[in-house]
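Residue numbers (our numbering): 69 to 338.
Report on one structure; see the data block that follows.
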């Protein structure tokens with residue numbers, strides 16, 4: 069079977085990241101990083117600010133509201149229908165750092181936690197419709213960086229699926245290192261940055277959280293089978309880890325690799 073160039077790039081990125089973490093002895097867990105704290109705030113539309121070390125990293129904090137988001141439902145005959153993403157009710161509970169968006173097909177709830185130099189996002193997707201949700205494709209947020217990250221080549225998506233290796237996606241600028249992680253190491257989930265929205269400057273990036281296969285991603289990108297049946301809820305645990313550009317992956321995300329090695333000891337072979 070021939071592997072597409074985009075898949076080769078994705079595997080090289082993961083292999084490089086994991087080798088760096090291994091070399092730093094990540095099996096002992098994340099090391100302490102002396103760094104400023106992440107700060108977040110909310111307004112009537114949801115997450116309104118995400119700052120680290122004096123820089124505003126949030127470009128758009130509204131979850132599930134872009135033209136490219138989708139809830140694909142499966143009929144009994146096997147055909148699919150797109151759930152309505154345009155009409156929804158929004159509830160923002162700023163004291164509890166929670167945003168709830170209710171659609172005709174279900175409910176999205178996201179809890180944001182700023183802890184030290186880390187932003188954690190716990191997302192719950194509940195299917196309140198009579199049809200299974202075969203694919204759920206969301207923009208969790210949109211980040212803006214102080215400069216073009218070194219890892220992006222202006223073409224290849226920086227995304228992975230948590231299959232065979234943990235999801236640890238670094239973006240490095242002269243000012244910071246920001247790592248997007250899937251904190252769940254035992255279930256597949258497509259996570260990452262498909263492109264920059266402001267090419268060629270390449271400083272603004274949507275963060276996608278997907279099941280199924282998004283129509284405008286390369287065919288080489290895996291399709292994620294995580295059906296949400298009627299009355300059921302799926303949950304995603306994500307995080308953004310911030311540090312100075314000199315920080316190591318072991319310092320910011322060593323806990324993820326250690327957890328993956330514990331759950332999948334036979335899969336991490338390089």
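Heads up, the beta-carbon is just placed ideally off N, CA and C, and yes, glycines get one too.
The model shown is predicted, which means the values in this text are computed figures rather than measured ones.
(message) Between which two residues does the beta strand (DSSP E) holding residue 199 run?
(response) Here residue 199 belongs to no beta strand (DSSP E), and DSSP marks it neither H nor E.
(message) Helix, strand or coil for residue 331? Go by DSSP, reduced to three states.
(response) Collapsing the DSSP output to three states places residue 331 in a helix.
(request) May I ask you to report which of helix, strand or coil DSSP gives residue 156? (result) coil
(request) Measure from the alpha carbon of residue 273 to the alpha carbon of each residue in 226, 317, 319, then state which is nearest. (result) 226
(request) State the DSSP-derived secondary structure class of residue 268, mapped to helix, strand or coil. (result) coil
(message) For a test of your reading of the model: does the CB of residue 113 fall under 7 Å from any non-hydrogen atom of the ligand GDP? Yes or no.
(response) For the ligand GDP, the structure offers nothing, since it holds no ligand at all.
(request) Look at the alpha carbon of residue 320 and the alpha carbon of residue 145, and state the distance between them as a whole number of angstroms. (result) 47 Å
(request) Out of 166, 165, 152, 170, point me to the one whose CA is closest to residue 158's CA. (result) 170
(request) Quick one: which unbroken beta strand (DSSP E) runs of 3-plus residues sit fully inside the stretch 242–267? Chain order, please. (result) 245–250, 258–261
(request) Sort 333, 123, 276 by Cα distance to residue 306 and report the nearest one. (result) 276
(message) If contacts are defined as beta-carbon pairs under 8 Å, then residue 205 and residue 138 qualify, I think. What distance do you get, rounded to the angstrom?
(response) 5 Å
(message) Which residue wins for smallest C-alpha separation from residue 296, given the options 211, 198, 180?
(response) 198
(request) Would you list the residues sitting across from residue 186 in a DSSP beta bridge? (result) 183, 309
(request) With a threshold of 16 other CB atoms inside 10 Å of the CB of residue 289, please say whether the residue is buried or exposed. (result) buried
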